[in-house]
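K.L.:
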Amino acid sequence: MFSLEEGASFWNQSLTWRIFFASMVSSFTLSVVLSSYHLHPGQLTYSGLLNFGQFESLSYEFFEFPIFLLMGGIGGLLGSLFNHINYKLTVFRMRCINKKWLKVIEAAIVAMITATIGFGMIYFLDDCKPLGKDPTKYPIQMHCHDGEYNAVAAIWFQTPEASVRSLFHDPPGSHKAVSVGLFFALYFLLSCWTYGLSVSSGLFIPTLLTGAAWGRLIGMGLEFVWPNMARSLVLFGWANPGKYALVGAAAQLGGVVRMTISLTVILIEATGSISFGLPLMIILITAKWFGDYFNEGVYDIHIQLSGVPILPWQPPPLSNNIYASEIMSHPVVTFKTVDSVGYIVDVLRKETYNGFPVVEPSSIPESGSKSFGMFRGLILRSQLIVLLQNKVFNESPEVWKSMNFNMKLFQDAYPRYPTIQQIHVSQQERNFTIDLRPFMNRSPYTVQHSASLPRVFRLFRALGLRHLVVVNGTNEVSF
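Read in order, the letters of the sequence shown correspond to residues 1 to 479 in full-length UniProt numbering.
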């Protein structure tokens, strides 16, 4: 669902079944491994590696929806701020931190500053709680008296997943508002700085932890402003600070990545609270709406900065008066139906195109004609390389007889085709010819040169095209 919503500009229905089958196999395999790890082999009831704990009672009322909408808006604004800062950092990294040793130094500096901030918070903030009622699985005494544990250290020295679980499920009074607020501000900046480093650093868990911190802070604020009402609501499970931590985590993540469906499913699976799906969806939509007003999602920003050719949902605005002939690749490079080996090799070494129109030149060229010839098909770079590698030349009839147009020739080379630099062609073979007609695609998608940009865009988006040949009114490839 994540790939469908964010990571693809074209989706094939058969891919859905393949992913579903692969997901079921991986889930089953993981459950078998976890059951053996927990000394219960064969008990296939383990939910997975990521689990934020199931809420015992997670209810909501109509009067809470304005609070959820407000928190969704806050998440959208904070997500926009996160994306803006991270965008500036990424541009700075691309310009200045472009050497390997500089990347190593930056990662080391981030690690040192993160550790310094964590230890500084533990040392200067007095957030010691008596042992016995600590909700943390592994309490830490650091800078606390005997019989006490440090609540700030419990957040910093757990794994981020365990810290999210603590903010979701710790009972009221487990943390001080100052500790949670300062942790949120510092962790927000640190996670923004960390994302984009030349190390394997994630985005989901740090963003969830940041949102859980300010969400729990809002729950603590409600209890401070209306103490008597908050206590009565806690008895009914309405003003649970862990619930607002979940809302804040969803709003923060939605404001950063701008997704709705997949994030709702992920949070429902990670918390086991399917009844809370509607509020989560509303929160994520609100966060997306507020965030989109200022900038794009973090994935869209990095896709553009990296130059990854993923199409957006809609064509560029005000592009109806832009035609296919104005946006097509220039100069046009074509091959004849029967072309020389030397010319094919020279073109492949000079050009970077992955597809070439195959034309049949006119025997009697018209005066002033700007056409390469009648369009006959499309052939790929990989096909040409395979033909050159196997010496499928017209002057080598023994190769043609042994090959007998068998597709196994191309299947064996897939998917790691050699480069044109790895293909050796002798001087004598450069004068040979190749008949491209048996191998080219005789009916590729084409478009008239007068077609508008939105039409071309929708053809690529809907059909998942990689090549689209532009022809004139007489089906000729023009200059």
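Glycine included, each C-beta is placed from N, C-alpha and C at the ideal position.
Source: prediction; values computed, not measured.
1. Three-state secondary structure (DSSP) at T433?
2. Would the beta-carbon of G215 fall within 8 Å of that of G248?
3. Threshold first: 4 residues or longer. Then list the alpha helix (DSSP H) segments lying entirely within the region 268-338, N to C.
4. Decide if the region 349-360 is in contact with the region 377-386; the criterion is three or more beta carbon pairs, one per stretch, under 8 Å apart.
5. Can you check the region 194-231 for any beta strand (DSSP E) of at least 3 residues that lies completely inside it and give the ranges in chain order?
6. Taking the C-alpha atoms as reference points, what is the distance between Q448 and Y323?
7. Going by DSSP in three states, I109 sits in which element: helix, strand or coil?
8. Report buried or exposed for M281, applying the criterion of at least 16 other Cβ atoms within 10 angstroms of its Cβ.
9. Would you mind working out which of G132, F183, F157 and L69 sits nearest E148, comparing C-alpha positions?
10. Within its chain, find whatever has a CB closer than 6 Å to the CB of I218; leave out the 5 residues flanking it on each side and keep chain order.
11. Using the Cα positions of D127 and L78, report the straight-line distance between them to the nearest angstrom.
12. For S179 versus A151, is the C-beta spacing smaller than 8 Å?
13. Have a look at the DSSP bridge pairing and note the partners of I379.
14. Rounded to the nearest angstrom, what separates F479 and V338 at their Cα positions?
15. Over the uninterrupted alpha helix (DSSP H) stretch that includes T159, give me the two end residues.
16. If I measure Cβ to Cβ from F393 and keep anything under 8 Å in the same chain, skipping five residues before and after, which residues do I get?
17. Output needed for V347: all residues of its chain with C-beta closer than 8 Å, excluding positions within five of it in sequence on either side, in chain order.
18. Assuming L436 contacts I327 (C-beta within less than 8 Å), just tell me the rounded distance between them.
19. Run the CB neighbour count on Y293, radius 10 Å, all protein chains shown included, and call it buried at 16 or more, exposed below.
20. Given a cut-off of 8 Å on the beta-carbon distance, is the pair G196 and T90 in contact?
21. Opposite P130 in the DSSP bridges: which residues?
22. Straight-line CA distance for F188 to T207?
23. Please confirm if the region 53-60 is in contact with the region 265-274, defined as three or more CB-CB distances below 8 Å between the two stretches.
24. By the three-class DSSP mapping on this structure, what secondary structure does M374 have?
25. Whose CA, out of Y414, L246 and F20, lies closest to the CA of Q54?
26. What first and last residue would you give for the alpha helix (DSSP H) that runs through T16?
27. Which of helix, strand or coil does DSSP assign to F236?
28. Between which two residues does the beta strand (DSSP E) carrying Q448 extend?
29. Using alpha carbons as the reference points, say which of W101, P66 and I344 lies closest to L387.
30. Cβ atoms of G255 and G373: under 8 Å apart, would you say?
31. For G291 and E6, I'd like the C-alpha separation in whole angstroms.
32. Excluding five sequence neighbours on each side, which residues of the same chain lie with their C-beta closer than 6 Å to the C-beta of L186?
33. Can you tell me whether N441 is helix, strand or coil according to DSSP?
34. Could you work out which residue in S47, L263 and M24 is closest to L34 when comparing CA atoms only?
35. What's the C-alpha gap between F204 and L253?
36. Can you list, in chain order, the residues of its chain with a C-beta nearer than 7 Å to that of T286? Leave out the 5 residues immediately preceding and following it.
P.N.:
According to the structure data:
1. Taking the sequence shown and counting its residues from 1, the one referred to as residue 433 is at position 433. Correct three-state label for T433: strand.
2. Residue numbering aside, residue 215 sits at position 215 when the sequence shown is read from its first letter. Residue numbering aside, residue 248 sits at position 248 when the sequence shown is read from its first letter. It is a contact, given that the beta carbons lie within the stated cut-off.
3. 277-292, 298-306 and 324-327
4. yes
5. none
6. Taking the first residue of the sequence shown as position 1, residue 448 is located at position 448. Taking the first residue of the sequence shown as position 1, residue 323 is located at position 323. Using only the alpha carbons, I get a separation of about 9 Å.
7. Residue numbering aside, residue 109 sits at position 109 when the sequence shown is read from its first letter. Three-state DSSP puts I109 in a helix.
8. Stepping through the sequence shown from its first residue, residue 281 is reached at position 281. Answer is buried; the Cβ neighbour count reaches 16.
9. Here residue 148 refers to the residue found at position 148 of the sequence shown. Considering only alpha carbons, the answer is G132.
10. Translated into the one-based positions of the sequence shown, residue 218 becomes position 218. So the list reads Y244, once near-sequence residues are dropped.
11. As a working mapping, residue 127 is identified with position 127 in the sequence shown. As a working mapping, residue 78 is identified with position 78 in the sequence shown. Distance between the alpha carbons of D127 and L78 is about 27 Å.
12. Translated into the one-based positions of the sequence shown, residue 179 becomes position 179. Translated into the one-based positions of the sequence shown, residue 151 becomes position 151. Yes, these two residues count as a Cβ contact at 8 Å.
13. Numbered from its first residue, the sequence shown carries residue 379 at position 379. Bridge partners of I379: F356.
14. Looking up residue 479 in the sequence shown gives position 479. Looking up residue 338 in the sequence shown gives position 338. Looking at the two C-alpha atoms, the distance is approximately 20 Å.
15. Sequence index remark: in the sequence shown, residue 159 carries index 159 (1-based). No alpha helix (DSSP H) holds T159; DSSP gives it neither H nor E.
16. Residue 393 sits at position 393 when you count from the first residue of the sequence shown. Result list for F393: V341, V399, E429, F432, T433 and I434, in chain order.
17. Locating residue 347 in the sequence shown gives position 347, where the first residue counts as 1. The answer, listed in chain order, is V333, F335 and F356.
18. Residue mapping note: residue 436 aligns to position 436 of the sequence shown, counting from 1. Residue mapping note: residue 327 aligns to position 327 of the sequence shown, counting from 1. The pair is not a contact, with the Cβ atoms about 27 Å apart (cut-off 8 Å).
19. As a first step, residue 293 must be located in the sequence shown, where it is residue number 293. Y293 is exposed by the Cβ-count criterion.
20. To locate residue 196, count along the sequence shown from 1; it is residue 196. To locate residue 90, count along the sequence shown from 1; it is residue 90. Yes, the Cβ-Cβ distance between G196 and T90 is below 8 Å.
21. Stepping through the sequence shown from its first residue, residue 130 is reached at position 130. P130 pairs with E148.
22. Working through the sequence shown from its first residue, we reach residue 188 at position 188. Working through the sequence shown from its first residue, we reach residue 207 at position 207. Their backbone Cα atoms lie some 8 Å apart in a straight line.
23. yes
24. Here the question's residue 374 lines up with position 374 in the sequence shown. Three-state result, M374: strand.
25. For this step, residue 54 is matched to residue 54 along the sequence shown. For Q54, the nearest C-alpha among the options comes from L246.
26. Sequence index remark: in the sequence shown, residue 16 carries index 16 (1-based). Taken as a continuous stretch (DSSP letters only), the alpha helix (DSSP H) holding T16 covers Q13 to Y37.
27. As a working mapping, residue 236 is identified with position 236 in the sequence shown. Here F236 scores only 46 on pLDDT, less than 50, and its place in the model should not be relied on; the value that follows carries that caveat. Correct three-state label for F236: coil.
28. Here residue 448 is taken as the residue at index 448 of the sequence shown, counted from 1. Here the beta strand (DSSP E) through Q448 covers T446 to Q448.
29. Taking the sequence shown and counting its residues from 1, the one referred to as residue 387 is at position 387. Among W101, P66 and I344, the Cα nearest to that of L387 is on I344.
30. Taking the first residue of the sequence shown as position 1, residue 373 is located at position 373. Taking the first residue of the sequence shown as position 1, residue 255 is located at position 255. Cβ atoms of G373 and G255: not closer than 8 Å.
31. Working through the sequence shown from its first residue, we reach residue 291 at position 291. Working through the sequence shown from its first residue, we reach residue 6 at position 6. When rounded, the distance between both Cα atoms is 16 Å.
32. Mapped onto the sequence shown, residue 186 falls at position 186. Closer than 6 Å at Cβ, skipping near neighbours: I117.
33. For this step, residue 441 is matched to residue 441 along the sequence shown. Correct three-state label for N441: strand.
34. Position 34 of the sequence shown, counting from 1, holds the residue named residue 34. With distances taken between Cα atoms, L34 lies closest to S47.
35. Counted from its first residue, the sequence shown places residue 204 at position 204. Counted from its first residue, the sequence shown places residue 253 at position 253. When rounded, the distance between both Cα atoms is 7 Å.
36. One-based indexing of the sequence shown puts residue 286 at position 286. Here the set comprises L69, G72, G73 and G76.
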